[in-house]
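First residue of the sequence shown: 8, per my numbering; consecutive thereafter.
Where a beta carbon is used, it is the ideal one built from N, C-alpha and C, also for glycine.
Please read all numbers here as calculations on a predicted model, not as lab measurements.
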Amino acid sequence: MTKITTLAGMEKDNAEFCKQALQTLNLPYAQNAGITVKVLRLDLLHPHISGNKWMKLQVWLERFKNGGYQGILTKGGPWSNHLHATSYTCYFQKIPLIAIVKGHEHYVSATLQDLKTWNTQLIFTNRSDYYCEEKWIELAKSLNYLYIPMGGDGEEGVLGVTEWFNQAKLPAFDSVFCAVGTGTTVLGIAASTLACTNLVGVDAGTGDKKLLEKLSEEHISIHGEKKVVLQHAPVKFGKISPDTIAFMQDWYFQHHFMLDALYTAPLCVHFKLLVENGQIPLGAKVLLLHTGGLQGNRSVSLLNP
Ligand SMILES: *Cc1c(COP(=O)(O)O)cnc(C)c1O
Numbered sequence: 008m009t010k011i012t013t014l015a016g017m018e019k020d021n022a023e024f025c026k027q028a029l030q031t032l033n034l035p036y037a038q039n040a041g042i043t044v045k046v047l048r049l050d051l052l053h054p055h056i057s058g059n060k061w062m063k064l065q066v067w068l069e070r071f072k073n074g075g076y077q078g079i080l081t082k083g084g085p086w087s088n089h090l091h092a093t094s095y096t097c098y099f100q101k102i103p104l105i106a107i108v109k110g111h112e113h114y115v116s117a118t119l120q121d122l123k124t125w126n127t128q129l130i131f132t133n134r135s136d137y138y139c140e141e142k143w144i145e146l147a148k149s150l151n152y153l154y155i156p157m158g159g160d161g162e163e164g165v166l167g168v169t170e171w172f173n174q175a176k177l178p179a180f181d182s183v184f185c186a187v188g189t190g191t192t193v194l195g196i197a198a199s200t201l202a203c204t205n206l207v208g209v210d211a212g213t214g215d216k217k218l219l220e221k222l223s224e225e226h227i228s229i230h231g232e233k234k235v236v237l238q239h240a241p242v243k244f245g246k247i248s249p250d251t252i253a254f255m256q257d258w259y260f261q262h263h264f265m266l267d268a269l270y271t272a273p274l275c276v277h278f279k280l281l282v283e284n285g286q287i288p289l290g291a292k293v294l295l296l297h298t299g300g301l302q303g304n305r306s307v308s309l310l311n312p
């Protein structure tokens, strides 16, 4: 894959980055159960560009460069990590960007405020129009813009994640845990050379039915050795409970880095439950993926007193 990475701090190769980003977690409940836990701090990739969203964008950006497009059109909610990542990337690479935003123009979140600062053109839309894929594909076509679906998903997204992990040269693990929204990231990892026996996708409660299809049997055997499992975190997407907040604050106190409220906090809550219920074998080497998304925490009023 040709490197098109030109963002400050991101042109380092992935293996080099992972040497710093792969950290040992001091989790007494895991240590007591004889389990070694590491975290891959993808949140350290870039301050504005959420870890996995960056990976998912790579192949899309290649398509943009090779396709003779005038700009990019994509969509997301008012706190979308994907919009945030795409907006900053386009700003940095001087690519015109139109963002279709699910919501009302009177509600300008901190995320959307950033998008405005980075010269992204916002188009606000109601729910039904937002989900009308044809409409946005047509609009993109009429402008000669590349259409990137919500979240940077699709085959391009999967491939971007695979290529990133192929270059990461991580050690082998028994189990790797990755938060799941659409499943693009976990499918990309499944197809990568990352060595692990179990790849556990932890559904953050989005209730995305397409996801279940994507993670069905045919995808489970993608790369021979890996068994891909979908599990459910004890949360409902977007409903951030006081327990989750307390868990996040405690986590920060113990480990000195934040989790995001929607994906990585539920992931770590789920993992803790598995350990406490004796569902992780003694001696297991575990990797938890911190997929980033910290900018979205600005939506959580309890974390921002
Ligand atoms: C978007 C996102 C995910 C989910 O990624 P999918 O590829 O949609 O499964 C996980 N973690 C964070 C922090 C995210 O922003």
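Sorted by chain position, which residues of the same chain lie with C-beta nearer than 7 Å to residue i's C-beta, five sequence neighbours on each side aside?
i      : result
Thr31  : Lys45
Ala211 : Ala186, Val187, Gly188, Ala240, Val242, Phe244, Leu269, Tyr270, Pro273
Met8   : Unreliable positioning characterises Met8 in this predicted model, as indicated by a pLDDT of 31, which lies under 50. A coordinate reading is not provided.
Asn304 : Met265, Asp267, Ala268, Leu310
Trp2   : Outside the displayed range of the chain (8 to 312) lies residue 2, so it cannot be described from this structure.
Tyr152 : Tyr76, Gln77, Gly78, Ile79, Leu80, Ile105
Ser86  : Note on residue identity: the sequence assigns Trp, not Ser, to residue 86. Here the set comprises Ser116, Thr118, Gly303, Ser306.
Gly16  : In this prediction, Gly16 scores a pLDDT of 49, lower than 50, which makes its location untrustworthy; no coordinate-derived value is stated.
Lys233 : Ala197, Cys203, Leu206
Given residue i, which residues of its chain have a CB within under 6 Å of its CB, disregarding the five upstream and five downstream residues?
i      : result
Phe172 : Ile196, Ser199, Leu201
Gly290 : Gly41
Lys26  : none
Asn59  : Thr192, Thr298
Ala147 : Leu80, Tyr154
Gly84  : Lys109
Glu163 : Val66, Trp67
Asp20  : none
Asn88  : Ser57, Lys60, Gly300, Gly303
Val282 : Tyr36, Ala37, Ala40
Quick check: is any heavy atom of ligand 1 less than 7 Å from the C-beta of residue i?
i      : result
Ser135 : no
Tyr259 : no
Asp267 : yes
Ala186 : yes
Asn59  : yes
Val193 : yes
Trp93  : Here residue 93 turns out to be Thr, not Trp, going by the sequence shown. No - ligand 1 has no heavy atom lying nearer than 7 Å to the Cβ of Thr93.
Tyr152 : no
Tyr138 : no
Asn88  : yes
Gly158 : yes
Tyr270 : yes
Thr81  : no
Leu298 : Looking at the sequence provided, one finds Thr at residue 298 rather than Leu. Yes, ligand 1 has a heavy atom inside 7 Å of this Cβ.
Thr96  : no
Thr189 : yes
Starting from the Cα of residue i, find the closest Cα among the options and give me that residue.
i      : options                        : result
Pro35  : Leu68, Gln261, Gln238, Ser308  : Gln261
His277 : Met265, Gln238, Gly159         : Gln238
Thr81  : Cys97, Tyr154, Val168          : Tyr154
Glu144 : Met157, Asn133, Arg134         : First, the amino acid is wrong: residue 144 is Ile here, not Glu. That would be Met157, whose Cα lies nearest to the Cα of Ile144.
Arg134 : Lys109, Gln120, Gly285         : Lys109
Phe24  : His53, Ala40, Asn39            : His53
Thr192 : Ala175, Pro178, Gly159         : Gly159
His297 : Tyr138, Leu47, Phe131, Leu166  : Leu47
Val165 : Gln65, His89, Phe71, Asn39     : Gln65
Leu295 : Leu29, Asn88, Glu283, Leu150   : Leu29
Phe71  : Leu51, Asn88, Cys97, Ser57     : Cys97
Val168 : Gly190, Ser149, Leu150         : Gly190
Thr127 : His113, Asp136, Asn205, Ile107 : Ile107
Leu49  : Ile247, Ser248, Ala175         : Ala175
Thr213 : Ala22, Met255, Ile130, Ile247  : Ile247
Val235 : Trp125, Ala22, Pro103, Val209  : Val209
Pro103 : Gly285, Lys123, Thr132, Gly161 : Lys123
Can you find the residues in the same chain that come closer than 8 Å, C-beta to C-beta, to residue i, ignoring five residues on each side of it along the sequence?
i      : result
Val293 : Ala37, Ile42, Thr43, Val44, Lys45, Phe180, Asp181, Ser182, Val183, Phe184, Phe278, Ile287
Asp121 : His55, His91, Ser94, Tyr95, Gln302
Glu140 : Pro156
Ser308 : none
Leu150 : Gln77, Gly78, Leu80, Ile105
Of all Cβ atoms in chain D, is any one closer than 8 Å to the Cβ of residue i?
i      : result
Leu150 : No chain D appears in this structure, which consists of one protein chain only.
Going along the chain, which unbroken runs of the alpha helix (DSSP H) with 4 or more residues stay wholly within the segment 87-140?
-> Within the segment 87-140, the complete alpha helix (DSSP H) runs of at least 4 residues are 88-99, 117-124, 134-137.
Those runs of the beta strand (DSSP E) which lie wholly inside the segment 15-46 and span at least 3 residues | Runs of the beta strand (DSSP E) inside the segment 15-46: 29-31.
Any chance you could list the beta strand (DSSP E) runs of at least 3 consecutive residues sitting entirely within the segment 224-264, in chain order?
-> 234-239
Alpha helix (DSSP H) runs contained entirely in the segment 265-304, provided each spans 4 or more residues | Counting only runs of 4 or more, we get 271-283.
Could you give the uninterrupted runs of the beta strand (DSSP E) lying entirely in the segment 156-205, keeping only those of 3 residues or more?
-> 180-187
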